[in-house]
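Visitor: Attaching a single structure in structure tokens format; questions to follow.
This is how it looks when you write it as structure tokens:
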């Protein structure tokens, strides 16, 4: 990664799927200096943790790969480039803080110091969490067909930091084996 993008500060542009990310990149809604936040693409939210190669490829193709940041609870491959931070956990669908980010929030990334932050007070984050939980909760607002197998996986999936595997404790609890 080029040294000039090891630190970043800019407003968030929040989307709830890879498809929405592609749309905002291709229609030029994503501008240099912005942080594209792609949430609800983790193990539970995806479900299945899609690879975000299309967004990184389109950003590079638009010539803004060194001018934007991308963050996701999904994953990237070795083919991705630029300031792309993935596997954010806990994921949005698992009540992670990425679910609380709104358009315009200021995102700070400092690679040398290994930090990613949003410029919000603890009180503001708590208020947003309360509002989210009072509403429809931690669900993506998008139209995506999901197979029964992936729905079953999502019901038991753990976050990426836990290996994106099925939660054996939850399985045992629900099956009466706990």
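In our numbering, the protein residues as written are 352 to 529. We treat Cβ as the ideally placed atom computed from N, Cα and C, and that holds for glycine. This structure is a prediction, so every number in the text was calculated from the model and none was measured.
Taking the straight line between their C-alpha atoms, what separation do you get for residue 379 and residue 520?
Guide: As a first step, residue 379 must be located in the chain shown, where it is residue number 28. As a first step, residue 520 must be located in the chain shown, where it is residue number 169. Going from the Cα of residue 379 to the Cα of residue 520 covers about 45 Å.
Visitor: Since residue 443 and residue 390 should fall inside the 8 Å C-beta cutoff, what is the C-beta to C-beta distance between them, to a whole number of angstroms?
Guide: In the chain shown, the residue the question calls residue 443 occupies position 92. In the chain shown, the residue the question calls residue 390 occupies position 39. Going by Cβ atoms, the distance from residue 443 to residue 390 rounds to 4 Å, so yes, they are a contact pair.
Visitor: By DSSP, does residue 509 sit in helix, in strand, or in coil?
Guide: Taking the chain shown and counting its residues from 1, the one referred to as residue 509 is at position 158. In the structure shown, residue 509 sits in coil (DSSP, three-state: anything other than H, G, I, E or B).
Visitor: Relative to the C-alpha of residue 406, which residue among 396, 399 and 426 is closest?
Guide: The residue given as residue 406 occupies position 55 in the chain shown. The candidate whose alpha carbon is nearest that of residue 406 is 426.
Visitor: Quick check on residue 424: buried or exposed, where buried means 16 or more other Cβ atoms within 10 Å of its Cβ?
Guide: One-based indexing of the chain shown puts residue 424 at position 73. So residue 424 ends up on the buried side.
Visitor: Using alpha carbons as the reference points, say which of 388, 418 and 484 lies closest to residue 365.
Guide: Residue 365 sits at position 14 when you count from the first residue of the chain shown. Out of 388, 418 and 484, 388 has the C-alpha closest to the C-alpha of residue 365.
Visitor: Residue 461 lies in the beta strand (DSSP E); which residues open and close that run?
Guide: Within the chain shown, numbered from 1, the residue matching residue 461 stands at position 110. Unbroken beta strand (DSSP E) run through residue 461: 457-461.
Visitor: So, does the stretch 452-461 touch the stretch 411-419, judging by three or more C-beta pairs under 8 Å?
Guide: Counting Cβ pairs under 8 Å, fewer than three are found: no touch.
Visitor: Straight-line CA distance for residue 432 to residue 352?
Guide: By 1-based counting over the chain shown, the position of residue 432 is 81. By 1-based counting over the chain shown, the position of residue 352 is 1. If I take the Cα positions, the gap works out to 7 Å.
Visitor: Who are the Cβ neighbours of residue 386 in its own chain at under 6 Å, not counting the five residues just before and after it?
Guide: Here the question's residue 386 lines up with position 35 in the chain shown. Hits under 6 Å: 361, 363, 420 and 458.
Visitor: Assuming the contact rule is C-beta atoms closer than 8 Å, residue 450 and residue 489 should be a hit. Round their C-beta distance to whole Å, please.
Guide: Taking the chain shown and counting its residues from 1, one reaches residue 450 at position 99. Taking the chain shown and counting its residues from 1, one reaches residue 489 at position 138. With a Cβ gap of about 5 Å, residue 450 and residue 489 count as contacting.
Visitor: Tell me whether residue 395 is buried or exposed, calling it buried when 16 or more other Cβ atoms sit within 10 Å of its Cβ.
Guide: Residue numbering aside, residue 395 sits at position 44 when the chain shown is read from its first letter. Residue 395 should be labelled buried.
Visitor: With distances taken between CB atoms, is the gap from residue 512 to residue 440 smaller than 9 Å?
Guide: By one-based count along the chain shown, residue 512 stands at place 161. By one-based count along the chain shown, residue 440 stands at place 89. Yes.
Visitor: Along the beta strand (DSSP E) that carries residue 422, what are the first and last residues, could you check?
Guide: To locate residue 422, count along the chain shown from 1; it is residue 71. Element bounds for residue 422: 420-423.
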